[in-house]
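Q: Below are the structure tokens for one structure; questions will follow.
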Amino acid sequence: MKHLTNREEEIMDIFWEKGSLYVKEIVDELADPKPHYNTISTIVRGLEEKGFVGHEQFGNTYRYMAVISREEFSKNTLKNMVGKYFDKSYSSVVSMFVQEEKISLEEIKELIRQVESAKKERHE
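Quick note on my numbering: the sequence shown kicks off at 21 and runs consecutively.
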């Protein structure tokens, strides 16, 4: 999955929250000072080229929508980050959180319970 710029991610957040939108509606959702319509139109077309957005045509205009869910994007982003910064080791990520005291012992125990429960369900 391709990387998104901060602005692209901001626009994807709008799609995930609002659903199908015209470029003008996206511009209206953005904070002031509002970027130019053409700027957002170019970004949205770029998102479409990257495979994040699709469109429906209505006469001379297009209504755009996300074609990838926020969950799918999050999973792929995390996978890429773990691969790039943690040598593909998810345990290294958890270890870092433990060392930085970002996750508690109780939270780790709960994660273990979830893994064990999911494993049991797969084998039943």
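We put the beta carbon where it would ideally sit given N, CA and C, even for glycine.
Please classify residue 51: does DSSP put it in a helix, a strand, or coil?
A: Here residue 51 is taken as the residue at index 31 of the sequence shown, counted from 1. In this structure, residue 51 counts as coil in the three-state DSSP scheme.
Q: Span of the alpha helix (DSSP H) holding residue 66?
A: Start at 1 with the first residue of the sequence shown, and residue 66 comes out as number 46. First-last of the alpha helix (DSSP H) with residue 66: 57 to 69.
Q: Starting from residue 97, trace the beta strand (DSSP E) both ways and give me its first and last residue.
A: On the sequence shown, position 77 is the one that residue 97 refers to. Element bounds for residue 97: not the beta strand (DSSP E) but the alpha helix (DSSP H), 90 to 105.
Q: Which stretch, first to last residue, makes up the alpha helix (DSSP H) that contains residue 127?
A: Taking the sequence shown and counting its residues from 1, the one referred to as residue 127 is at position 107. 125 to 142 is the span of the alpha helix (DSSP H), which, as asked, contains residue 127.
Q: Between the C-alpha atoms of residue 52 and residue 77, what's the straight-line distance to the nearest angstrom?
A: For the purposes of this step, residue 52 is identified with residue 32 of the sequence shown, where counting begins at 1. For the purposes of this step, residue 77 is identified with residue 57 of the sequence shown, where counting begins at 1. One C-alpha to the other measures close to 28 angstroms.
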